[in-house]
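Student: Before we start, here is the structure in question, set down as structure tokens.
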Amino acid sequence: MLAFIISRLLQALPVMFTVSLISFAMFAYVGDPVAIMLGQDYTVAQRDALVRELGLDQPFFVQFGTFLGNAVQGEFGLSYRLSRPVSDLILERAPATLELAFTAAILALAVGVPMGVYTGLYRNSWLSRFFLTFSLIGVSLPTFLIGILLILTFSVWLGWLPSFGRGDVVQLGWWSTGFLTWSGLKALILPSITLGLFQLTLIMRLVRSEMMEVLRTDYIKFARARGLPNRAIHFGHALKNTLVPVITIAGLQLGGIIAFAIVTETVFQWPGMGLLFIQSVGAADIPIMAAYLMLIALVFVTINLVVDLLYYAVDPRLRIGRGGH
Amino acid sequence: MRRLLLVAAAAVALLGLGAPSEARTIRWSASGDPNTMDPHSQNLGTVTMILQQIYDPLITRDRQLGLAPGLATEWVQAEPNRWRFTLRQGVRFHGGEPFTAEDVVFSITRALQPTSNYGIFVDTIERAEAVDAHTVDIFTRVPDPILPNKIASVFMMSKSWSEANNATRPQNTRQREEMHTVRNTNGTGAFRLSVREADVRTVLVRNDDWWGWRVPEMGSGNVTEIVYRPIASDATRVAALLSGEIDFVLDPPLQDLNRLRAAQNMRVLEGPEVRTIFFAMDTHRPELQYSNVTGRNPFQDLRVRQALYHAIDINAINRAVMRGQSVVTGTLFPEQVNGYVREEDVRLPFDAARARTLLTEAGFPNGFEVTLDCPNNRYINDEAICQAVAAMWTRVAVRTRLNAMPLGPFFQKIQRDDSSVYLLGWGVPTLDALYSFQSLLRTRDGQPGNGIWNHGRYSNPRMDALIDRMVTESGEARAATIREALRLYREDVPHIPLHHQMIPWAMRGNVTIPHMANNQPYFRWMTVN
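Okay, structure coming up:
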């Protein structure tokens, strides 16, 4: 088990290295940070001085080496745009993104799984058909459009929920939370629906097809023949056996939710890491972009590892001797 | 009992004194957030729109953008190379420090540092000297008649506060630590900073001790608290205004204006901005980089430049692309800028036939190909303007490929002079003609400011001589020089001007604020009912 974890962690290193190399190579195309920092009026001498100070006159691999050396020590420098340490900025924004992603994931699971089970069991009921039609909307509409439609309905027409921002937050140490205030909770509703809708429909469709698959198997027929109650068959035997693919997908999607919260955060001006990243792209703020991409790579690597470990918990076959086959 | 009542009454009276009758909060939004709270670091509209409320310059602007006494009550060019400023008495910084001549000397020296982006406003200054506690002399290297116009953009900081907080220079990128001034301020202005969370909210509260509340025409507003919350997405910003979460939006998107006008209890203020949109061409290289013409550069021929000018149907652009939100122009800057001459603001008429004739005369009967570089997120409808013009040029056989890109790559490209023809928008913070002429049309010679944005490398010795005269001349002679330069601009077609941008502001019906052509809201004049 320990050897497994260590080998997975070692595998993660080349992944992180490749991500940093690719992202660093892309920065040559995002624009000239110096031009953006200097604004409309500057002298050639000022420009040269700044280029030297930022080390942008160095060859690519020297720049990359310096960046890697600093990154290993957790030192990402100062943001070009906000003149503040990158690590401070990311730490300040992380709670907003994580709370949003967490809420969206819970929503997707808590609604998606029961809906999937229901539509799997009662394939022809009108409610199932409604759920399936509804899920088409979730899959096919782009996130920003869903966000705008929700804002239009619930903020502009009905005036129930705020259209942007995080509401009031409470500081618990360095973590800022919106869970403890009424306005913070209200502000979470629309963005988490927007962010979670795609995942919700995906999980629902996945659970449905897995359920239909499992219900046809021999052991379910056998269980019925033994006269077990429906409830035990559906939830104790059928659902449990659908969970391996669901956990894989849901876990990987959680990484996706964190990484692709960018669009939702932009639509709702949600002050998380995605919004920070988008605004950094506009300003060619390389230190932030580099740190963010590394962080997202790390999140994916970690989630992959956790998902692998969860298999052990869910699937007993994996626990019984790895050398069996 | 009676005594108790008296005490209570006195307490009520005391509480009521000094504080305005009612708390009035204005919640407003725009797409961008200020990068810093340092007054001499980043010369950007998004930074000034907040710092404007917190810091005062020596000379401030009135509602027509004319010069008005700020922290200086009088100023005079005592000698050709020396300006004398008399400072306002009894002014204090928000932190309680008295404002004196030492602070002025300090602030000007700070703006002169190489890490400051405000160099253009102090470019001629050699040094500043305190004569006494409330008199300052500013010495210039050359006679500078427009120093007051430039000094109006330099905010005054407290020397002792800056020294105590290790902030005597604007941002130094080599430092690994955050500077105190990135998130803290200490000005003399009408509002003081109370909360600063980048990209989330910036809260200012009224400074009741501000000198301007007692000066007629300077502070007539009744706002006690300003909450600024940036919203990057256009649709969300409009939605927040419509749903009542925001009272005032500085940059409503053009496509939503009709909807906002039709909404109840909503007002759209329209006015011109001091920003001119034009095309500039590479007139320097012997052969264009992005064209099929070999052996010569078509843009070096005046007739070709005139032909492209004649080919533009500016009214169609005004109507269809800008939805009426532009002021069509034939000159370099709008009328708010000192030096504007209405007689020189005349366009070459739209005349496609004439354009073809000129091209034939210039030796291009079959036209030629060229690539137009254009930003797609910098100016109002920039890409749509370029699309329309590319079609118009193609119609007169100048087959135009459009290369539209975000502002980062765009500015990187044109700043390497790596473009054959490009669209640019130019604002004039000094509100004086020299700024535009010097940056856009002067031959680049390494002197600060000269030709720094002249990326077509237009070079005309006559133009250079006129621009150099603008630097030192004053009065009627200078006005005549500017007029001559504007005439030359019209005749020599170094640019193809299009229009000045209009900037609509949108607000709830109970909010009033004067519309300013520099696109800066002055909350000292805002009233909320």
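Chains as they are written, first to last, in my numbering: chain V, 1 to 325; chain P, 1001 to 1529. All residues carry an ideal CB built from backbone N, CA and C; glycine is no exception. A quick note: this is a predicted structure, and the numbers were derived from the prediction, not measured.
Which term fits Asp1247(P), buried or exposed, when burial requires 16 or more other beta carbons within 10 angstroms of its beta carbon?
Tutor: buried
Student: State buried or exposed for Ala988(P), treating a residue as buried only when at least 16 other CB atoms are found within 10 Å of its CB.
Tutor: Since the first and last residues shown for chain P are 1001 and 1529, residue 988(P) lies out of range.
Student: Check whether the Cβ atoms of Val333(V) and Ile258(V) sit closer than 8 Å, and answer yes or no.
Tutor: A question about residue 333(V) goes unanswered here, because the residues of chain V that appear run from 1 up to 325.
Student: Taking only the alpha-carbon atoms, compute the straight-line gap between Arg1192(P) and Gly1212(P) and give it to the nearest angstrom.
Tutor: 14 Å
Student: Any idea if Gln171(V) is buried or exposed, counting beta-carbon neighbours within 10 angstroms, 16 or more meaning buried?
Tutor: Gln171(V) comes out exposed.
Student: Does the beta carbon of Thr153(V) come closer than 8 Å to any beta carbon on chain P?
Tutor: no
Student: Could you spell out the range, first to last residue, of the alpha helix (DSSP H) harbouring Gly1425(P)?
Tutor: Counting along the chain, Gly1425(P) falls outside any alpha helix (DSSP H), though it belongs to the beta strand (DSSP E) covering 1421-1427.
Student: By the criterion of Cβ-Cβ separation under 7 Å, what are the contact partners of Phe268(V) in chain P?
Tutor: Thr1236
Student: Output yes if chain P places a C-beta closer than 8 Å to the C-beta of Arg216(V); else output no.
Tutor: no
Student: Give the secondary structure of Thr1135(P) by DSSP, where H, G and I count as helix, E and B as strand, and everything else as coil.
Tutor: strand
Student: Measure the Cβ-Cβ separation of Pro1409(P) and Tyr118(V) and say whether it is below 8 Å.
Tutor: No.
Student: Please give me, in chain order, every unbroken run of the alpha helix (DSSP H) with length at least 4 that falls completely inside the region 1378-1411 of chain P.
Tutor: Whole alpha helix (DSSP H) segments, 4+ residues: 1382-1395.
Student: Let me check one thing: in DSSP terms, what residues is Pro1497(P) bridge-paired to?
Tutor: Phe1278(P)
Student: Mind checking if Leu1424(P) is an interface residue toward chain V, Cβ cutoff 8 Å exclusive?
Tutor: no
Student: Going by beta-carbon coordinates alone, are Ile1277(P) and Ser1031(P) separated by less than 8 Å?
Tutor: no
Student: Please state whether DSSP places Gln1325(P) in a helix, a strand or coil.
Tutor: Note: Gln1325(P) maps to coil in three-state DSSP.
Student: How is Asp1432(P) classed by DSSP in three states: helix, strand or coil?
Tutor: strand
Student: Please report whether the beta-carbon of Pro1411(P) lies at a distance below 8 Å from any beta-carbon of chain V.
Tutor: The displayed chain sequence assigns Phe, not Pro, to residue 1411(P). Closer than 8 Å: yes.
Student: Roughly how many angstroms separate the alpha carbons of Glu53(V) and Leu1288(P), rounded to a whole number?
Tutor: 34 Å
Student: Can you say whether Val1142(P) is buried or exposed, counting buried as having 16 or more other CB atoms within 10 angstroms of its CB?
Tutor: exposed
Student: Please work out which residues of its chain come closer than 8 Å, Cβ to Cβ, to Leu1358(P), disregarding the five sequence neighbours upstream and downstream, and give them in chain order.
Tutor: Arg1303, Val1304, Gln1306, Ala1307, His1310
Student: Going along chain V in order, which residues have a C-beta closer than 7 Å to the C-beta of Ala1239(P)?
Tutor: Within chain V, the residues placing a beta-carbon under 7 Å from that of Ala1239(P) are Ile151, Leu152, Ser155, Val156, Ser163, ordered along the chain.
Student: Taking Ala1480(P) as the reference, which of Arg1442(P), Val1341(P), Ile1496(P) has the closest Cα?
Tutor: Val1341(P)
Student: Quick one: does Ser1243(P) have its CB under 8 Å from some CB of chain V?
Tutor: Taking Cβ atoms only, chain V reaches closer than 8 Å to Ser1243(P), which makes this a yes.
Student: Given 7 Å as the limit, tell me if Gln73(V) has its C-beta closer than that to any heavy atom belonging to the ligand ZN.
Tutor: This structure lacks the ligand ZN; in fact it carries no ligand of any kind.
Student: Counting only runs of 4+ residues fully inside the region 1040-1127 of chain P, write out the alpha helix (DSSP H) ranges in chain order.
Tutor: 1045-1054, 1101-1111
Student: Give the straight-line distance between the Cα atoms of Arg8(V) and Leu206(V), rounded to the nearest whole angstrom.
Tutor: 27 Å
Student: Does the beta carbon of Glu1361(P) sit closer than 8 Å to a beta carbon anywhere in chain V?
Tutor: no
Student: Apart from the five residues just before and just after Phe67(V), which ones in its own chain have a Cβ nearer than 7 Å to its Cβ?
Tutor: Phe24, Ala290
Student: Would you mind telling me which residues of chain V sit closer than 7 Å to Met1179(P), beta carbon to beta carbon, in chain order?
Tutor: Here the neighbours are Ser83.
Student: Go to Gln171(V), then tell me how far its beta strand (DSSP E) extends in each direction, as first and last residue.
Tutor: 170-172
Student: I need the straight-line Cα distance from Gly1530(P) to Gly173(V), nearest angstrom please.
Tutor: In the structure displayed, chain P extends from 1001 to 1529; residue 1530(P) sits before or after that span and is not available.
Student: Cβ atoms of Gly1189(P) and Asp1056(P): under 8 Å apart, would you say?
Tutor: yes
Student: Give the DSSP-derived three-state secondary structure of Trp160(V) in the structure shown.
Tutor: coil
Student: Does any C-beta atom of chain P lie closer than 8 Å to the C-beta of Asp32(V)?
Tutor: yes
Student: Taking the alpha-carbon of Gln46(V) as reference, which of Gln1447(P), Ala1130(P), Thr1135(P), Gln1520(P) has the nearest alpha-carbon?
Tutor: Selected option, being the one with the closest Cα: Gln1447(P).
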